[in-house]
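Under our numbering, the first residue of the sequence shown carries the number 28, and numbering increases by one thereafter.
A quick write-up on the structure given underneath.
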Amino acid sequence: MNAANGALRVLVVEDETHLARGLKLNLELEGFEVALAATGREAAALMLGPRFDAILLDVQLPDVTGFELCRRLRAAKDHTPVIMLTVRAAAEDRVTGLEVGADDYVTKPFVMAELLARLRALLRRQGWERAEAPVPSDVVRFGAATVDFTRHVAALAGEPVELTKLELDLVRYFTANPGRVLSRAELLEKVWMLANYSQTRTVDNFIVRLRRHFEPDPDRPRYFVSVRGAGYKFVPDALPPT
Ligand code: CA
């Protein structure tokens, strides 16, 4: 994506000074404009200003957890892409991060190139969404679910469903390819914009989330179905009898 109307702005919320400065330097070398916050309080103050294009959010902060901060952001209907920086590779950290609405996570210590690749992937996805001309029908329905991609809102049986940007992209890709088996590698490439990425578990975590959002019985999925050894497929409602 280009920066025709100014550099993309990234907020780095990280209390380890050394790491924060390293991140700032690397991001600035990549052409980003960077703001630093060392506490949740500082981050919240900065978030009152102009919107950031992305947020790198450390989990362990002195005053509040990154999880809590992300939860508040999403509760305020702010869908700014968030990458969580987690200390451990613990499964529960990953799951919590995704549950509070983070779009991705990177485990410390991380390789700067990997973090930058993830960030670019997130921003590319966002740019692609913005650039896409609104189509006449940008709403899909299945079962009791309605998803409006243009307005970024979803509902199940009339009750609002909070979706992260990534979840929305995933629903979009699935519903645009009804009945087709989608491999994890394809989903990572087309939705996450990550080619040759090996952590296919990331996909599985998000499928679990989609099922919780939309399936009448998440344990026995009807719409987001597993295809053993191959991946997943979206099974639309049968056409109504004519
Ligand atoms: Ca920390």
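Even for Gly, the Cβ is constructed at its ideal location relative to N, Cα and C.
Separation of residue j from residue i, as counted between CA atoms
i, j, result
"T134", "L183", "33 Å"
"D42", "A65", "4 Å"
"F59", "Y224", "24 Å"
"L75", "L35", "17 Å"
"A81", "R168", "30 Å"
"V138", "D120", "19 Å"
"N204", "V188", "22 Å"
"V230", "H179", "21 Å"
"R255", "A222", "22 Å"
"E194", "G33", "28 Å"
"P108", "W219", "12 Å"
"K217", "L50", "27 Å"
"A171", "T191", "19 Å"
"P245", "L73", "38 Å"
"V122", "D105", "20 Å"
"S253", "D264", "16 Å"
"A102", "T44", "29 Å"
"G185", "R236", "19 Å"
"L46", "P136", "10 Å"
"R48", "G206", "48 Å"
Contacts around residue i, its chain only, beta-carbon distance under 6 Å, and the 5 residues preceding and following it disregarded
i, result
"G258", "V208, L209, S210, R211"
"R228", "none"
"A181", "V174, V188, L190"
"A140", "none"
Whether residue i touches residue j by CB criterion (8 Å)
i, j, result
"V39", "L63", "yes"
"A70", "C97", "no"
"F233", "R199", "no"
"L88", "G67", "yes"
"R147", "D196", "no"
"L52", "L83", "no"
"P251", "T202", "First, the residue type needs correcting, since residue 251 is Phe and not Pro in the sequence shown. Their beta carbons are not under 8 Å apart, which means F251 does not touch T202 by this criterion."
"G124", "F94", "yes"
"V86", "V114", "yes"
Cut-off 8 Å between Cβ atoms - residues of its own chain near residue i, not counting five sequence neighbours on either side
i, result
"P248", "R238, E242"
"A30", "With a pLDDT of 42 at A30, under the threshold of 50, the modelled position of that residue is not reliable, and the figure given next carries that caveat. The answer, listed in chain order, is G58."
"I110", "A81, I82, L83, L84, A129, D130, D131, Y132, V133, L142, R145, L146, L149"
"L214", "L197, Y200, V230, G258, Y259"
"V37", "L54, F59, E60, V61, A62, F79, D80, A81, I82, L83, L146"
Beta-ladder partner(s) of residue i, from DSSP
i, result
"G258", "V254"
"E60", "R36"
"D85", "L112"
"F270", "Residue coverage of the chain in this structure runs from 28 to 269, which leaves residue 270 outside it and unanswerable."
"A184", "Looking at the DSSP assignment, A184 forms no beta bridge with any residue, so it has no partner."
"L209", "Y259"
Cβ-based neighbour list, residue i, same chain, cut-off 7 Å, excluding 5 preceding and 5 following
i, result
"E55", "V61"
"E57", "L143"
"D165", "D175, F176, T177"
Residues passing the C-beta test against ligand 1 heavy atoms, cut-off 5 Å: Proximity annotation: ligand 1 has residues D42, D85, Q87 in chain order, each selected because its CB is closer than 5 Å to a heavy atom of the ligand.
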